[in-house]
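Residue numbers (the working numbering): 81 to 354.
Glycine residues also receive a C-beta, built at the ideal position from the N, C-alpha and C atoms.
Computed from a prediction, not measured in an experiment: that's the story for all the values here.
In structure tokens form, the structure reads like this:
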């Protein structure tokens, strides 16, 4: 049990009306110019499909045309289409469903997939947890500042809900981790900066996966974290960007020092893939 913590979150999900599934081919342009062989064909197909998804505002649950329809559209073999779809699936953009109503289906973009991919490259470069933490120490105070400056009524409602969930949650390790993540996720969204939102969330998830896998989360949990979150949240809700930034910086500094004291050597460990 993590003493002094009452933190838990509900998962964040974007509710979206799924478009009709009976005419998936109509979701893409009916034709396209033949793709040249200069660049890898499968990558160009994947890029074209991403552009279609963005242009047509497709979302989780919407389907793409079947392999043969795409092969006809791009005037390539089905093997190239299949490779393009596998590329998108690897990056968590689609899932390939089997069955008569199967085929490529768009999934919700998960920042954790970004974090997982990032962990591979960081691991190959020998980056450490401390370097990851240093990056978050730089980003999170700015996240708090922008959240205070750019908050909307809906943002304020979500932040209040996240803070209330912390107070009402069970005092256990999972509840603490979930609540801390939810708080930071909400703030990242509140910045209004989609790049910062994705990067901050991916780095947070990457750090969380390491602290849980290494068994440090329980030891690093302290009784003041939830109260610190509330104080930061109050500053953001009041629109006090300077105070929000300062409080977040102090909060992050204190937490890192606590990790350093209870788990010597953890911050010096190398980031691994996964």
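- By the beta-carbon neighbour count (other beta carbons within 10 angstroms, threshold 16), residue 327 is buried.
- Around the beta carbon of residue 262, 16 or more other beta carbons sit within 10 angstroms, so the residue counts as buried.
- Between residue 308 and residue 221, the C-beta gap is not smaller than 9 angstroms, which leaves the two residues out of contact.
- For residue 185, there is no enclosing alpha helix (DSSP H); the enclosing beta strand (DSSP E) covers residues 183-186.
- Using a Cβ-Cβ distance cut-off of 8 angstroms, the region 187-196 and the region 210-225 are not in contact, since fewer than three pairs of beta carbons, one from each stretch, lie closer than that value.
- Around residue 148, the same chain offers 158 as residues with beta carbons nearer than 7 angstroms, after the five sequence neighbours per side are excluded.
- Closest in C-alpha terms to residue 305, from the list 317, 279, 243, 293, comes 243.
- By the Cβ-count criterion, residue 183 is buried, with 16 or more other Cβ atoms from all chains shown falling within 10 Å of its own Cβ.
- Put simply, the backbone Cα of residue 225 is about 17 angstroms away from that of residue 234.
- Judged by DSSP secondary structure, residue 176 falls within the beta strand (DSSP E) whose first and last residues are 174-177.
- Judged by beta-carbon spacing, residue 269 lies beyond the 9 angstroms limit of residue 258, meaning their Cβ atoms are not closer than that value.
- Non-local beta-carbon contacts of residue 160 in its own chain, meaning distances under 7 angstroms to residues more than five positions away in sequence, involve 121, 122, 125 in chain order.
- Considering only 273, 279, 294, 239, the residue with the shortest C-alpha distance to residue 346 is 294.
- Shown here, residue 271 sits in coil according to DSSP, grouped into three states, outside any helix or strand.
- The C-beta distance from residue 239 to residue 266 rounds to 5 angstroms, short enough to fall under 8 angstroms.
- Taking the CA atoms as reference points, residue 205 sits about 17 angstroms from residue 290.
- The DSSP-derived three-state label of residue 135 is helix.
- Residue range 191-204 is occupied by the alpha helix (DSSP H) that includes residue 198.
- Per DSSP, the beta-bridge partners of residue 143 are 185.
- In this structure, residue 281 sits away from residue 260, with a CB-CB distance that is not shorter than 9 angstroms.
- Setting aside the 5 residues that flank it on each side, residue 172 is surrounded in the same chain by 190, 193, each with a C-beta closer than 6 angstroms to its C-beta; the list follows chain order.
- Beta-bridge partners of residue 350 (DSSP): 208.
- For residue 155, the three-state secondary structure derived from DSSP is coil.
- Between residue 217 and residue 332, the gap from beta carbon to beta carbon is short of 9 angstroms.
- Counting along the chain, the unbroken alpha helix (DSSP H) around residue 309 starts and ends at 305-317.
- Annotation: residue 322 to residue 146 spans about 52 angstroms, alpha carbon to alpha carbon.
- For residue 296, the three-state secondary structure derived from DSSP is coil.
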